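For any residue, its number in the working numbering is found by taking its place in the sequence shown, counting from 1, and adding 10.
Read the structure below first, then the notes.
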Amino acid sequence: MIASHSPFHSAHVASATPAAHRTVGELAADEKGVVLQSPTIAAVDEVPAPVKAGISSQQNSSVSPSEASDTQTKPSSDDALQALREREAAAKAKVEQAELAQMQREIASLAARDREVRAHEQAHMAVGGQYAGAAQYQYERGPDGISYAVAGEVPIDIGRAADPQATIEKARTVRRAALAPADPSPQDRRIAAQASRLEAEALQELNEQRRAEQAEASEAKQRAREANSDDKSKSELGAAESTGNATQQASPTGIVSESSSNNTIASPALSNNQLKQVNTLVGVQSLASPRPNTILDDLV
Numbered sequence: 011m012i013a014s015h016s017p018f019h020s021a022h023v024a025s026a027t028p029a030a031h032r033t034v035g036e037l038a039a040d041e042k043g044v045v046l047q048s049p050t051i052a053a054v055d056e057v058p059a060p061v062k063a064g065i066s067s068q069q070n071s072s073v074s075p076s077e078a079s080d081t082q083t084k085p086s087s088d089d090a091l092q093a094l095r096e097r098e099a100a101a102k103a104k105v106e107q108a109e110l111a112q113m114q115r116e117i118a119s120l121a122a123r124d125r126e127v128r129a130h131e132q133a134h135m136a137v138g139g140q141y142a143g144a145a146q147y148q149y150e151r152g153p154d155g156i157s158y159a160v161a162g163e164v165p166i167d168i169g170r171a172a173d174p175q176a177t178i179e180k181a182r183t184v185r186r187a188a189l190a191p192a193d194p195s196p197q198d199r200r201i202a203a204q205a206s207r208l209e210a211e212a213l214q215e216l217n218e219q220r221r222a223e224q225a226e227a228s229e230a231k232q233r234a235r236e237a238n239s240d241d242k243s244k245s246e247l248g249a250a251e252s253t254g255n256a257t258q259q260a261s262p263t264g265i266v267s268e269s270s271s272n273n274t275i276a277s278p279a280l281s282n283n284q285l286k287q288v289n290t291l292v293g294v295q296s297l298a299s300p301r302p303n304t305i306l307d308d309l310v
């Protein structure tokens, strides 16, 4: 701290040398009753030029080490800040590039899925024909704002047809349609299994129907054969009766004999002796020569 009285304006000066041309040491030695605690000069303008130069030199050399260090490290700090900013920009660009690559991969995946789903459902419709309906899709919006099909289905009729044969053909078509895609889904395989069961049931029903038809046809043939046999028997019997009526002869004894071109039928059947007696009684002569000791000889 500087005292309240300046050494350059003190009234007690012993030397005759003007104050403006005396050194600080001389002022301190000659001055009476003044206490100096610091050689600090209050007015530099009153000091001679050489002294001013020395003071300026001392002031310049009195810069603290920290200030000198700050002055020397200021450019290096700017370089570090610039390097940090460059690293941050590079990291940001890398993140943006990674995000762009991820977005491109996602778009490519969605596009591939869209093609796969549409090809899958088109295969169902192409083979299913009249039994398959229009495809229905589920969509997902990609990073590019485009909607991609990620799932789909085709309704298909798997009910019975009008008859077993038509049901079999329909079931086979449905099964082929269900398994038409290159990679059938679990639902597709269930539909195919259901169509196979429907085909088996219809095939069994058709076989039973055919067996029933065959049995009915066999019975009809049997009835026809029996009817033909009855007609033939009746025809033969009628022909025999007609022939018998034409050759029938009446006998006084009530005995009827029938003659035909093939044989002679005597009714009732009699032995030779009985026939002889009958012939003798009715006066019928035998065509053979009479033999002795016969009834005819006795009568004659």
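From the three backbone atoms N, C-alpha and C, an ideal C-beta is built for every residue, glycine too.
Because the structure is a prediction, the values reported are computed rather than measured.
Exercise. Can you tell which of R128, A133, H134 and G152 has the C-alpha that lies nearest to the C-alpha of Q112?
Worked result: G152
Problem set entry | Backbone secondary structure at A100 - three-state DSSP | helix
Problem set entry | Exposure of R220, with buried meaning 16 or more beta-carbon neighbours within 10 Å | exposed
Exercise. Measuring CA to CA, which of A188, S119, I178 and I117 is closest to E131?
Worked result: A188
For this session: Specify the secondary structure class of R235 as computed by DSSP and reduced to three states.
Result: helix
Problem set entry | Own chain, CB closer than 8 Å to Q148, minus 5 neighbours either side, in chain order | A159, V160, A161 and G162
Exercise. Based on Cα-Cα distance, which residue from E109, L91, I117 and A176 lies nearest to D154?
Worked result: I117
Exercise. Quick one: is G138 buried, meaning 16 or more other Cβ sit within 10 Å of its Cβ, or exposed?
Worked result: buried
For this session: Reducing DSSP to helix, strand and coil, say where G138 ends up.
Result: helix
For this session: Can you check DSSP and say which residues form a bridge with E150?
Result: Y158
Problem set entry | Reference D124; option with closest CA among E106, D89 and Q146 | Q146
For this session: Could you name the residues of the same chain whose beta carbon sits closer than 6 Å to that of S212, not counting the 5 residues immediately before and after it, in chain order?
Result: For the sequence presented, residue 212 should be read as Ala rather than Ser. The residues P174, T177 and I178, in chain order, have a CB closer than 6 Å to that of A212 in the same chain once the five nearest residues on each side in sequence are set aside.
Exercise. Taking the alpha-carbon positions, what's the S228 to Q214 distance?
Worked result: Straight-line Cα distance between these residues: approximately 21 Å.
For this session: Leaving out five residues on either side along the sequence, give the residues of the same chain with a beta carbon under 7 Å from the beta carbon of E209.
Result: I178, A181 and R182
For this session: Run the CB neighbour count on A90, radius 10 Å, all protein chains shown included, and call it buried at 16 or more, exposed below.
Result: exposed
Exercise. Which one of A237, Q224, K102 and P165 has the shortest CA to CA distance from V184?
Worked result: P165
Problem set entry | When S195, S243 and R235 are compared against V127, the one with the closest alpha-carbon | S195
For this session: Give every residue of the same chain whose Cβ lies closer than 6 Å to the Cβ of I201, excluding the five residues on either side of it in the sequence, and list them in chain order.
Result: A188
Exercise. Any idea if A142 is buried or exposed, counting beta-carbon neighbours within 10 angstroms, 16 or more meaning buried?
Worked result: buried
Problem set entry | C-alpha gap between D193 and R233, whole angstroms | 58 Å
Problem set entry | Helix, strand or coil at I166 [DSSP, three-state] | I166 falls in the strand class under three-state DSSP.
Exercise. Whole-angstrom Cβ separation of A191 and A121, contact assumed at under 8 Å?
Worked result: Strictly speaking, residue 191 in this sequence is Pro, with Ala absent from that position. The C-beta separation of P191 from A121 comes to about 19 Å, leaving the pair out of contact by the 8 Å criterion.
Exercise. Do I156 and Q204 have their C-beta atoms closer together than 8 Å?
Worked result: No, they are not a contact pair.
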